[in-house]
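Colleague: The structure under discussion is supplied below as structure tokens; questions concerning it will follow.
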């Protein structure tokens, strides 16, 4: 569409002229040449991280809007807004302004609901995305750092969520803030000082909401935004992982180009996520802060629950026996709160360090861009499943009152179930998952060697019935056999070539043992070899 | 751009980074290596690639969704203007809902969602559906790059003289280590020191117990068997600046027991005609204990289900609390009103390091 002027010289179109201007200052053509057709592989599970990213953007957009109206102050006021049941009630400005957003600002309630729903979905999406990365082994070299960035985002997301839902200063959120004070008080030596400093004096004081506000809108999201950018830069730089399949190797990436396919798909997906969250927010009320009234330290409601992502820590705190000792120095050690407080980061850290643990066991220094099928890494898959079950057992503990009510069970029985399940359920899940994975490996092996069961029964001339097996296509054969089956590590011979006794460290012995568990005969089923396959194919009447 | 087409690209399989155990071989030798990578499957064209009428149909579908989005945005603006903010209506199965919130959310949701559907449909039906292949390159630097980087670093370190001039190095580390201390010191005024703040409440000898509900002094006859009453100290008014801080420690709950049912001797001594007053603040993490089981005289904290037996010194009988609820010794004054005989004998609420 270039325009031609009178002298016949063609003038570049407007868009190109702007791009030229930018190129002279930013060098954009170099980057565009390299990246506009950058290929991204396609799979539904790759959308999970996108959901997390988009809900994060939605949270920022709606959060900025909410700050226009929210007053982070604990000054006491008499409510005179349009919500009749609260007329004249004494409450903090924070709570009053939250009611105003909900009842006097047009669209304010919708923005609050979108903000809260998006926060819940953000955490779910991060959690499930992390599980996808875990079960497919996408955390392996060179992506360990990005795994940690993602993990930090999850943890920071939890605390941003907690400080956020504490801000309205309603009866429910204040109970959470009170819980936090009790938890801090349980820290030995410095707990009392920490609590006084955080709350600006005795609970509740008038500082905690303004301070949480600063954490919630500035400190934590600022760090998270930086981490999100770093996370995305690394995704771009490493190029995305892909699932194995015909034509997909560790050295290539097969998929669709950023422009136009992924711009349309990913951009469109942002609108799908945003639209869906808006529709949910229009139809399902979340955090109806007007129901219970303002926070008062002497009042509480039943069924007090944190948002779901804090539920597992709530479970820890509920099921821990109330062990409290006064030690000989005359000081109190409140293990009933302190132990959950220590297990909380431990639960999270146990999944965060797994990539480094596995790298230590395998001593694998190669880059991995092809994803594992979960069944082909049975021990890792079993560990991940056990971790999830651990998490959910604690989540059950966090909602023990709701389980008791809805299933008509004894709350004491549920608490005891969680106390025992905390130790037993992950072990059981580990064993069962590993067996399922091995079973699936056996099935893959069968399928490769004998083909797919068609369900067609054939009668042979001599009267025997057989099922017809259909041979697999070359694509399927490749898919089911492409995976790496590492050999377990072995201890070096007890004496070296000079007959001198070789010293093997305890740690190395442990590593070898774990490696045997991972890759020994009990850890994986040998995949079908080409020789076995050919032997069967050339043989007659293998059925 | 046909060079980008995967189907035409010979995907190399002699991959040095793949494990030795893996038996892939050069493509095209499926006879010799039955599990070898057969390469990208042939691209199957879509109906839109062959039939221009189908492509036109897709184009119209995409345009339809973008149009729906435009209409929904108009609906959003109309809703904003038309619906009063306090209009509530009944919609099955959602119940009574705000007309404004519902219409704004729905129209915004449709406006956004339709853009998404249009864009995704466009990309799936009309944009080139051929998969492309790009090569990856190792992340780590070549030995030459590494050597050059190390040499550059060594040159910079040499120029700085950091290794030779120990005096500069040591004083610099000292200065850098000390300077953050200013920031730590500044945190001191975040709050006061604990001192004995957690050890005392408002209660003192002769202070009346005020009924939380009626704001009147409690009398023994107000408290009947089987009911749970809440009280605050005389002089503490809701809305006063220290109300939250004081009620967080001084909140009381009272029940009447048969004196014969009281198992704990001190509890009996500190009671009045079977009326016992306990701190309402749970000793676990400070929620107000407020669920009372009349028959057993158990109270349960709704937050974490710590259960206390009020007939036995508020002993913990279940849950995570570490010690009993503190009891307040009570009696009656000359007017027959319940009064405290002093402050709690021990700190109320969650335990802390210095509690002892």
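Protein chains in written order, with the working numbering: chain A, 101 to 643; chain B, 14 to 369.
C-beta: ideal position from N, C-alpha, C; glycine also.
1) Cβ closer than 9 Å: which chain B residues qualify as neighbours of residue 457(A)?
2) Counting only C-beta atoms, is residue 469(A) closer than 8 Å to chain B at any point?
3) Do you know offhand how far residue 356(A)'s Cα is from residue 307(A)'s?
4) Could you tell me the alpha carbon to alpha carbon distance between residue 358(B) and residue 340(B), rounded to whole angstroms?
5) Can you list the residues of chain B that residue 475(A) reaches, using a CB-CB cut of under 7 Å?
6) With residue 93(B) and residue 207(A) assumed to form a contact (beta carbons below 8 Å), what rounded beta-carbon distance in angstroms separates them?
7) Identify each residue in the segment 48-64 of chain B for which the Cβ-Cβ distance to at least one residue of chain A is less than 9 Å, and report them in chain order.
8) For residue 418(A), return the contacting residues in chain B, with the cut-off set at a CB-CB distance below 8 Å.
9) From which residue to which residue does the beta strand (DSSP E) around residue 320(B) run?
10) Run through DSSP, which three-state label would residue 98(B) get?
11) Which partner residues of residue 50(B) appear in the DSSP bridge assignment?
12) Let's test the definition: count the other Cβ atoms within 10 Å of the Cβ of residue 598(A) and tell me whether it reaches 16, buried, or not, exposed.
13) For residue 174(A), collect the residues of the same chain with a Cβ closer than 8 Å to its Cβ; drop the 5 residues on either side in sequence, then sort them by chain order.
14) Since residue 379(A) meets chain B, which of its residues come closer than 8 Å, beta carbon to beta carbon?
15) What residue range is occupied by the uninterrupted alpha helix (DSSP H) comprising residue 5(B)?
16) Relative to the C-alpha of residue 437(A), which residue among 361(B), 325(B), 308(B) and 299(B) is closest?
17) Do you know offhand how far residue 542(A)'s Cα is from residue 236(A)'s?
18) Spatial neighbours of residue 67(B) within its chain, please: C-beta separation below 7 Å, excluding the five flanking residues on both sides.
19) Does the segment 128-144 of chain B come close enough to the segment 320-337 of chain A to have 3 or more Cβ pairs within less than 8 Å?
20) Residues of chain B with a CB under 7 Å from the CB of residue 289(A): which are they?
21) Taking buried to mean at least 16 other C-beta atoms within 10 Å of its own C-beta, is residue 226(A) buried or exposed?
22) Using a beta-carbon distance below 8 Å, is residue 159(B) in contact with chain A?
23) Strictly under 8 Å for the Cβ-Cβ distance: is residue 269(A) near chain B by that measure?
24) Going by the beta-carbon positions, is the gap between residue 349(B) and residue 217(B) smaller than 8 Å?
25) Just verifying my parser: in three-state terms, what is the DSSP assignment at residue 633(A)?
26) With a threshold of 8 Å on Cβ separation, who are the neighbours of residue 378(A) within its own chain once the five nearest residues in sequence on each side are excluded?
27) In chain order, which alpha helix (DSSP H) runs of at least 4 residues are fully inside the segment 555-621 of chain A?
28) Return the residues of the segment 247-269 of chain B that lie within a Cβ-Cβ distance of less than 7 Å from chain A, sorted by chain order.
29) Is residue 535(A) helix, strand or coil by DSSP?
30) DSSP puts residue 238(B) in a beta bridge; with which residues?
31) Note down, in chain order, every chain B residue with its Cβ under 8 Å from the Cβ of residue 182(A).
32) Using the Cα positions of residue 166(B) and residue 634(A), report the straight-line distance between them to the nearest angstrom.
33) DSSP three-state call for residue 75(A): helix, strand or coil?
34) Looking at the structure shown, is residue 168(A) part of a helix, part of a strand, or coil, going by DSSP?
35) Anything in chain A within Cβ reach of residue 111(B), meaning under 7 Å, just list it in chain order.
Modeller: In brief:
1) Per Cβ cutoff of 9 Å: no residues; residue 457(A) is ~20 Å from chain B at best.
2) yes
3) 52 Å
4) 8 Å
5) Neighbours of residue 475(A) on chain B: none; closest Cβ ~17 Å, over 7 Å.
6) 7 Å
7) 48, 49, 50, 51, 52, 53 and 54
8) 317, 318, 332 and 333
9) 320-322
10) coil
11) Answer is none; residue 50(B) lacks a bridge partner.
12) exposed
13) 192, 193, 194, 269, 304, 305, 306, 307, 308, 309 and 310
14) 118, 119, 122, 123 and 126
15) The question about residue 5(B) has no answer here: the residues shown for chain B are numbered 14 through 369.
16) 299(B)
17) 19 Å
18) 60 and 61
19) no
20) 366
21) buried
22) no
23) no
24) no
25) helix
26) 210 and 214
27) 574-581 and 606-619
28) 251, 252, 257, 258, 260, 261 and 264
29) helix
30) 269(B)
31) 98 and 99
32) 57 Å
33) The shown model of chain A, from 101 to 643, leaves out residue 75(A), and the question about it has no answer.
34) coil
35) 209
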